[in-house]
Amino acid sequence: MDLEMGKPVPETQPWSEKFWAGTKQGKLLIQVCKDCKSKIFYPRRFCPECWSGNLDWIEASGKATVLTFSTAYDMVEPKFADELPYTIAYVALKEGIRMMTRIVECKPEDIKFDMEVEVVFHEREGFFLPYFRPVKR
Amino acid sequence: MSKGRIAIIGIGEVPTANRPERTQWDIIYDTCMEAVRDSGLSKNDIEGVISVTPQAQPKIAAELSFGKLPEELGLKGCKDTVSVNAGGASTSNSLRLAEQWINSGVAKTVLVQHVTVHSTVPIPDLINFFAKAGVDLQWEYPYGTTYNIIMGLIANRYMYESGCTPEQMASVVTALRSWAAKDPNSFFYGKDVPSVEKVLASALLNTPLHKRESNVLGDGGCAMVVVSAEDAKKMKRPAAYKLGDSVRYFSGTCVMRDFKKVEEGFRITAKEAMSQAGITKNDISLWNCYLAYPLAHPVVAEWLEVAPPGQGGKYFLEGRMSFGGDIPWSTIGDAPGRGHTGSGVSAACYVETVRQLMGKAGERQVKNCKYVYQNAGGGSGFNNIATIWGKEI
Chain A
1092 MDLEMGKPVP ETQPWSEKFW AGTKQGKLLI QVCKDCKSKI FYPRRFCPEC
1142 WSGNLDWIEA SGKATVLTFS TAYDMVEPKF ADELPYTIAY VALKEGIRMM
1192 TRIVECKPED IKFDMEVEVV FHEREGFFLP YFRPVKR
Chain B
-2 MSKGRIAIIG IGEVPTANRP ERTQWDIIYD TCMEAVRDSG LSKNDIEGVI
48 SVTPQAQPKI AAELSFGKLP EELGLKGCKD TVSVNAGGAS TSNSLRLAEQ
98 WINSGVAKTV LVQHVTVHST VPIPDLINFF AKAGVDLQWE YPYGTTYNII
148 MGLIANRYMY ESGCTPEQMA SVVTALRSWA AKDPNSFFYG KDVPSVEKVL
198 ASALLNTPLH KRESNVLGDG GCAMVVVSAE DAKKMKRPAA YKLGDSVRYF
248 SGTCVMRDFK KVEEGFRITA KEAMSQAGIT KNDISLWNCY LAYPLAHPVV
298 AEWLEVAPPG QGGKYFLEGR MSFGGDIPWS TIGDAPGRGH TGSGVSAACY
348 VETVRQLMGK AGERQVKNCK YVYQNAGGGS GFNNIATIWG KEI
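Next comes the structure, spelled out in structure tokens:
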């Protein structure tokens, strides 16, 4: 097998396609259960709380805080080496869900725990990945 | 899962090392024959064979899954064979299956084995495999995450909340390697133990993880012979008796893993396993933790109440978990000390647990080793299995 060098795009499922369609329009969508009112991330075929199939979407505010982060300097896959250094983070959205993302538009040393960030979409082969950047005051 | 249902009465192991001329079947022959001889039984007494599924090695995984081992080794009494795959939790599950086979009458004597040879796997295949295993391909992988980064995310938050310093974190490597230096089956046997300064001077891979805080992939393998506790007692040979087993599932996807739920899972599984064994933490002779990365050890020491809250790193820096310290901890040095054999590190840890309880651990022998806490987890940490093993029922 050869080394896979193309940058990966999300391997979607039928029930997550609306999420990715939203990102193309600059919207961060969250799946919600119309029966038990749960906010669901990542998107599922049925609600993981009550197994209802009565699901819908709301647009998130795009605001979040940095729960934790790690800045990579080396030993990533060769396909990502041209982007080093980059920072991976878990962010907590105001809507109560957690996502993995990249923190961009700031120096790694300026990233802090619990820092307020906002979504910004980065295009890769037709997909718009939700990254986050510091909120400008 | 009840007290004293099974015991391990024989072990076999080869040194962890990158020796491509040593094939997977070389290792299987050597470890299985050594384990059976160590048990005092003969090859035809083995009635069941359970293999820990090797990761990133599809050919040997298929051969083992489809029944070749008993035929290759001429195990004439074998009634059934199977492979078990739960990543790093495979060995725990292999032992549970052995327990079920023994208690249900499928087999009286079960051979559990693991083999991994990374050194002949093409580097692109290894990179492609380990980049994606245990990482969600929709919600994590596209961002460029790695196992190292996942560990960095956990460690950074822990250091932020606890005040654990980089020096304290680095001292975990020193502690684990101090055991490895005394382990003839380790990659680092007889080698210098890196100082805290040396660990911190190594390249920063991703915050807060330095190169010397990551793992070296290696080839290795081991085997264990399992019988009922009753049979082990009758045989009057050194044995490790399983006394407790508790597990909690966390999440398959790293980002979905709630830190508090993981903490509670580690705490409750330890308590439940010790309760089944009828002991408390003060009875534990050895905390044989399998956590894969050194950065996870201080926080787990706190969750297991071996170190007070916020002092896990301090304990390691003081040398309390090092060879010669007062808290015997991960006496093969976990994956950073032994060398990373994929799903096999937990198998090696179980063999060490047995070795310690049998009194065969040489320089690393824990004095009066009576009860061992042995944990394992799979994937990027989807669960924690806590087990208690004892020298006697």
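If you read the protein sequences in the order shown, they are chains A and B.
Residue numbers for the first sequence follow my numbering, beginning at 1092 and rising by one.
Residue numbers for the second sequence follow my numbering, beginning at -2 and rising by one.
For glycine and all other residues, C-beta sits at the position ideal for the given N, C-alpha and C.
Since the model is a prediction, treat every value here as computed from it, not as a measurement.
Compare the C-beta of residue i against all C-beta atoms of chain A and say whether one is closer than 9 Å.
{"i": "residue 56/B", "result": "no"}
{"i": "residue 252/B", "result": "yes"}
{"i": "residue 149/B", "result": "yes"}
{"i": "residue 152/B", "result": "yes"}
{"i": "residue 15/B", "result": "no"}
{"i": "residue 145/B", "result": "yes"}
{"i": "residue 290/B", "result": "no"}
{"i": "residue 162/B", "result": "no"}
{"i": "residue 21/B", "result": "no"}
{"i": "residue 137/B", "result": "yes"}
{"i": "residue 211/B", "result": "yes"}
{"i": "residue 197/B", "result": "no"}
{"i": "residue 312/B", "result": "no"}
{"i": "residue 201/B", "result": "yes"}
From the DSSP output, read off the bridge partner residues of residue i.
{"i": "residue 1120/A", "result": "1150/A"}
{"i": "residue 223/B", "result": "5/B and 107/B"}
{"i": "residue 386/B", "result": "239/B and 369/B"}
{"i": "residue 206/B", "result": "203/B"}
{"i": "residue 80/B", "result": "48/B"}
{"i": "residue 1161/A", "result": "1179/A"}
{"i": "residue 246/B", "result": "380/B"}
{"i": "residue 285/B", "result": "371/B"}
{"i": "residue 115/B", "result": "None; residue 115/B has no bridge partner."}
{"i": "residue 216/B", "result": "14/B"}
Tell me which residues share the same chain as residue i and place their Cβ nearer than 8 Å to its Cβ, disregarding the 5 neighbours each side in the sequence.
{"i": "residue 123/B", "result": "53, 115 and 214"}
{"i": "residue 187/B", "result": "178"}
{"i": "residue 154/B", "result": "256"}
{"i": "residue 39/B", "result": "33"}
Counting only the same chain and skipping the five closest in sequence on each side, list residues whose C-beta sits under 7 Å from that of residue i.
{"i": "residue 117/B", "result": "17"}
{"i": "residue 202/B", "result": "145, 208 and 211"}
{"i": "residue 322/B", "result": "316"}
{"i": "residue 365/B", "result": "282"}
{"i": "residue 262/B", "result": "245, 247 and 381"}
{"i": "residue 28/B", "result": "9, 10, 11, 110, 218, 219 and 220"}
{"i": "residue 1155/A", "result": "1182, 1183, 1184, 1185, 1208 and 1223"}
{"i": "residue 379/B", "result": "246, 247, 248 and 249"}
On the DSSP letters alone, give me the boundaries of the alpha helix (DSSP H) that residue i sits inside.
{"i": "residue 300/B", "result": "294 to 300"}
{"i": "residue 99/B", "result": "87 to 101"}
{"i": "residue 1183/A", "result": "That residue, residue 1183/A, is in no alpha helix (DSSP H); its beta strand (DSSP E) goes 1177 to 1184."}
{"i": "residue 145/B", "result": "144 to 159"}
{"i": "residue 1209/A", "result": "Per DSSP, residue 1209/A belongs to no alpha helix (DSSP H); it is in the beta strand (DSSP E), 1207 to 1215."}
{"i": "residue 67/B", "result": "65 to 70"}
{"i": "residue 350/B", "result": "341 to 355"}
Does any residue of chain B have a CB that is nearer than 9 Å to the CB of residue i?
{"i": "residue 1104/A", "result": "yes"}
{"i": "residue 1143/A", "result": "no"}
{"i": "residue 1174/A", "result": "yes"}
{"i": "residue 1112/A", "result": "no"}
{"i": "residue 1191/A", "result": "yes"}
{"i": "residue 1137/A", "result": "no"}
{"i": "residue 1094/A", "result": "yes"}
{"i": "residue 1100/A", "result": "yes"}
{"i": "residue 1180/A", "result": "yes"}
{"i": "residue 1156/A", "result": "no"}
{"i": "residue 1163/A", "result": "yes"}
{"i": "residue 1107/A", "result": "yes"}
{"i": "residue 1225/A", "result": "no"}
Which residues in the same chain have their Cβ closer than 6 Å to the Cβ of residue i, if we skip the five residues on either side of it in sequence?
{"i": "residue 1170/A", "result": "1096 and 1098"}
{"i": "residue 88/B", "result": "49, 343, 344 and 347"}
{"i": "residue 387/B", "result": "238, 240 and 368"}
{"i": "residue 326/B", "result": "284 and 318"}
{"i": "residue 37/B", "result": "234"}
First and last residue of the beta strand (DSSP E) that includes residue i?
{"i": "residue 1222/A", "result": "1218 to 1225"}
{"i": "residue 45/B", "result": "45 to 49"}
{"i": "residue 326/B", "result": "Segment: none, residue 326/B is in no beta strand (DSSP E) and carries neither H nor E."}
{"i": "residue 197/B", "result": "Element bounds for residue 197/B: not the beta strand (DSSP E) but the alpha helix (DSSP H), 193 to 198."}
{"i": "residue 1194/A", "result": "1189 to 1194"}
Can you find a heavy atom of the ligand ADP that lies under 8 Å from the Cβ of residue i?
{"i": "residue 294/B", "result": "No copy of the ligand ADP appears in this structure; indeed no ligand is present at all."}
Inset, instruction - Determine, using beta-carbon pairs with one atom in the segment 133 to 153 of chain B and one in the segment 270 to 281 of chain B, whether at least three such pairs fall under 8 Å. - result: Note that the segment 133 to 153 of chain B does not touch the segment 270 to 281 of chain B; fewer than 3 beta-carbon pairs, one per stretch, sit closer than 8 Å.
Inset, instruction - Flag this pair as touching only if the segment 242 to 258 of chain B and the segment 332 to 342 of chain B have three or more C-beta atom pairs under 8 Å; answer yes or no. - result: no
Inset, instruction - Decide if the segment 136 to 144 of chain B is in contact with the segment 302 to 312 of chain B; the criterion is three or more beta carbon pairs, one per stretch, under 8 Å apart. - result: no
Inset, instruction - Please confirm if the segment 370 to 385 of chain B is in contact with the segment 78 to 92 of chain B, defined as three or more CB-CB distances below 8 Å between the two stretches. - result: Touching, yes, given that three or more Cβ pairs across the two stretches are closer than 8 Å.
Legend entry - Three-pair Cβ contact test at 8 Å for the segment 62 to 75 of chain B versus the segment 40 to 48 of chain B: yes
Legend entry - Three or more C-beta pairs below 8 Å linking the segment 90 to 107 of chain B and the segment 191 to 198 of chain B: no
Legend entry - Segment contact flag, the segment 1096 to 1115 of chain A with the segment 1138 to 1145 of chain A, C-beta cutoff 8 Å, min 3 pairs: Short answer: they don't touch.
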